[in-house]
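Take a look at the structure set out below.
Protein chains in written order, with my numbering: chain A, 1 to 358; chain B, 359 to 519.
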């Protein structure tokens with residue numbers, strides 16, 4: 001349907017002879033209704049590009065693919081436009097360029113046409129597709145249900161193990177805070193080849209020190225040996241029976257200071273504790289550590305719950321990662337469990353929207 | 359073609375395909391639709407497409423999709439009221455650029471397409487032939503005809519002015 005918003009298309013098609021008989025009739029009717037457009041239609045005819053049929057194309061030459069495509073048709077005023085087009089397309093060989101230039105010298109009025117071809121080269125566009133990201137695709141890993149459960153189990157295990165290994169509420173670690181004033185200046189020491197006998201009446205660190213005689217000068221030490229000894233004497237004693245050099249104990253170092261000795265003894269103690277529970281099942285270990293965490297007596301009848309273990313796990317996770325995630329549960333006035341909540345100030349996962357947290 | 363190859367292809371070619379389509383359809387919304395359709399086709403067939411040939415595939419698909427679109431909606435393809443939604447705006451053209459733009463739009467469809475593939479994308483005759491299902495000689499003829507028509511339009515405008 002020709003109307004005032006699209007008539008120019010039909011004018012152009014008409015000028016180029018692209019309209020069928022019926023549409024031409026429709027166009028003439030439209031012009032009859034809008035006689036003011038008749039002049040515009042005539043202008044279109046003047047401006048229209050010659051149709052393909054009106055262009056005298058040296059097909060016989062152009063349709064050949066070889067380099068001498070134009071050699072069959074010498075350049076003339078009637079076909080020179082194709083030579084010019086070929087020139088700007090880079091299709092002329094050097095000989096043909098010479099021929100064309102000679103032609104232009106002899107026919108300088110063709111220079112306008114030649115130069116006009118240069119302007120037909122379309123300039124690069126800079127338009128940008130507005131939503132490129134929407135076209136992209138990304139890999140999605142679809143977890144099958146068993147895999148989801150496996151992943152959940154691994155995550156839960158991670159949290160539990162984090163708590164298991166990450167928390168040590170043994171008060172024996174506390175003394176470290178009190179001996180921080182000792183300068184951690186190492187003393188070179190010579191290691192005794194004899195088995196180290198621990199004097200049960202003395203703090204273990206001092207006992208060990210007996211077998212590691214400092215070889216550097218006392219003035220190189222930040223505090224005196226006496227001062228160190230006094231400080232160490234204030235530390236709680238640890239009961240161990242023997243540290244032997246024969247079995248190449250990993251805790252015996254070539255260089256020692258008191259703090260290191262004490263740390264090593266603590267570590268040994270911890271290792272012993274681990275050794276004690278090493279024979280336990282995983283569940284046993286978790287219960288053991290959780291009871292420690294809850295302050296329950298080891299060996300008593302377990303009354304810890306999964307919630308206790310999860311809380312312990314979250315605690316360990318927080319300690320390792322520096323997070324402040326809380327695990328809470330809500331109960332009604334009768335003590336009946338309503339919901340669990342897990343999160344911190346930035347996120348919250350809850351099994352219920354009720355906000356009655358413990 | 360991997361997902362990464364596909365996404366790289368989007369990065370490299372989406373703008374060029376869009377420009378090619380937009381220049382022909384002159385309607386930003388429809389051009390975007392065609393681009394989406396073309397990339398959707400490519401995604402579906404990514405397993406069969408060699409990433410080195412992805413650009414050629416894209417333009418071939420773009421060409422055919424565009425032709426289908428034009429034929430489906432022929433009566434509205436040349437509306438001069440460009441869409442305001444896209445970044446395409448006729449006002450950006452002035453002087454000679456405007457004239458060549460007008461002349462380009464007056465070219466027969468196939469001539470306009472081949473000359474655009476030639477100038478904007480720098481395709482060889484052979485590559486254009488592969489995209490448009492024409493042989494090399496036909497491409498050459500269409501391009502020469504297009505150049506001649508553009509030149510004639512430019513000269514005629516100069517004469518009128």
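A virtual CB, placed ideally from N, CA and C, is assigned to each residue, including glycine.
{"Query": "Going by DSSP in three states, residue 364(A) sits in which element: helix, strand or coil?", "Result": "Any question about residue 364(A) goes unanswered here, given that chain A covers just 1 to 358."}
{"Query": "So what's residue 27(A) in DSSP terms, helix, strand or just coil?", "Result": "helix"}
{"Query": "Roughly how many whole angstroms lie between the Cα atoms of residue 513(B) and residue 505(B)?", "Result": "12 Å"}
{"Query": "Any C-beta of chain B sitting closer than 8 Å to the C-beta of residue 76(A)?", "Result": "no"}
{"Query": "Quick check on residue 396(B): buried or exposed, where buried means 16 or more other Cβ atoms within 10 Å of its Cβ?", "Result": "buried"}
{"Query": "Starting from residue 81(A), find everything on chain B with Cβ-Cβ shorter than 9 Å and list it in chain order.", "Result": "502, 505, 506, 509, 510"}
{"Query": "My output table needs one value for residue 419(B): the three-state DSSP class, helix, strand or coil.", "Result": "helix"}
{"Query": "As a quick exercise: from 342(A), 25(A), 334(A), pick the residue whose alpha carbon is nearest that of residue 307(A).", "Result": "342(A)"}
{"Query": "Determine the DSSP secondary structure at residue 409(B), reduced to helix, strand or coil.", "Result": "helix"}
{"Query": "Kindly list the residues whose CB is nearer than 7 Å to the CB of residue 464(B), restricted to its own chain and excluding five residues on each side of it in sequence; keep chain order.", "Result": "511"}
{"Query": "Along the chain, where does the beta strand (DSSP E) containing residue 329(A) start, and where does it finish?", "Result": "326-331"}
{"Query": "Closest Cβ-Cβ distance between residue 67(A) and chain B: below 8 Å?", "Result": "Its pLDDT being 40, under 50, residue 67(A) is placed unreliably in this model, and the coordinates cannot settle the point."}
{"Query": "Taking the C-alpha atoms as reference points, what is the distance between residue 404(B) and residue 495(B)?", "Result": "31 Å"}
{"Query": "Identify every run of the alpha helix (DSSP H) within the stretch 65-112 of chain A, keeping only runs that are complete inside it and at least 4 residues long; order them along the chain.", "Result": "80-89, 94-106"}
{"Query": "Residues of chain B with CB under 8 Å from residue 39(A), in chain order?", "Result": "Residues of chain B passing the Cβ test: none, with the nearest at roughly 14 Å."}
{"Query": "Leaving aside the five residues before and after residue 383(B) along the sequence, list all residues of the same chain whose C-beta is less than 8 Å from its C-beta, in chain order.", "Result": "389, 392, 424, 427, 428, 435"}
{"Query": "Residue 458(B) CB to nearest chain A CB: under 8 Å?", "Result": "yes"}
{"Query": "Does any C-beta atom of chain B lie closer than 8 Å to the C-beta of residue 339(A)?", "Result": "no"}
{"Query": "Between 34(A), 84(A), 336(A), which lies nearest to residue 102(A) when the distance is taken from Cα to Cα?", "Result": "84(A)"}
{"Query": "Please classify residue 338(A): does DSSP put it in a helix, a strand, or coil?", "Result": "strand"}
{"Query": "Chain A partners of residue 369(B), CB-CB under 9 Å?", "Result": "132, 136"}
{"Query": "Residue 117(A) to residue 88(A), Cα distance in whole Å?", "Result": "7 Å"}
{"Query": "For the stretch 110-128 of chain A against the stretch 470-485 of chain B, do three or more pairs of beta-carbon atoms, one drawn from each stretch, fall closer than 8 Å, so that the two count as touching?", "Result": "yes"}
{"Query": "Can you give me the Cβ contacts of residue 24(A) inside the same chain, cut-off strictly under 8 Å, excluding the 5 residues immediately before and after it?", "Result": "14"}
{"Query": "Bridge partners of residue 392(B), per DSSP?", "Result": "Answer is none; residue 392(B) lacks a bridge partner."}
{"Query": "Tell me where the alpha helix (DSSP H) around residue 477(B) begins and ends.", "Result": "467-479"}
{"Query": "Whose C-beta lies closer than 7 Å to the C-beta of residue 484(B) among residues of the same chain, with five residues either side of it excluded?", "Result": "494"}
{"Query": "Which residues, in order along the stretch 117-131 of chain A, keep a beta-carbon less than 8 Å from a beta-carbon of chain B?", "Result": "117, 119, 120, 121, 122, 123, 124, 125, 127, 128, 129, 130, 131"}
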